[in-house]
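Following the numbering used here, the numbering of the sequence shown begins with -4 at its first residue and continues without gaps.
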Amino acid sequence: MERILVTGGGGFIGSHLARHLYLQGNFVSVVDIEPDSYIEEKHYSEK
C-alpha cells in the first residue's frame, strides 16, 4: 500500500485516476482548486 497524492483530482481524469489507485489498495489523498464535480465518494480511504 502506497500513500498517493493526486493533484487536480476533482476533474474527470484526476477523479478516475484517484479511484483506480484506491481500488488497487493505495491510500489516496485528492486536492484541487476547483469544486469536485466528478468525485462521487467524498472519502475514498480510511486505511
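Positions of the beta carbon are idealized from the N, C-alpha and C atoms, including for glycine.
Limits of the unbroken alpha helix (DSSP H) element including residue i
i: residue 8; result: 7 to 18
Residue of the options minimising C-alpha distance to residue i
i: residue -2; options: 14, 29, 23 and 27; result: 23
C-alpha gap between residue i and residue j, whole angstroms
i: residue 7; j: residue 18; result: 17 Å
i: residue 41; j: residue 20; result: For residue 41, the predicted model reports a pLDDT of 48, less than 50, meaning its position is unreliable and no value from the coordinates is stated.
i: residue 27; j: residue 15; result: 17 Å
i: residue 3; j: residue 13; result: 10 Å
i: residue 1; j: residue 10; result: 9 Å
i: residue 25; j: residue 5; result: 7 Å
i: residue -4; j: residue 29; result: 28 Å
Residue i - containing beta strand (DSSP E), residue span
i: residue 28; result: Where residue 28 is concerned, there is no enclosing beta strand (DSSP E), given that its DSSP letter is neither H nor E.
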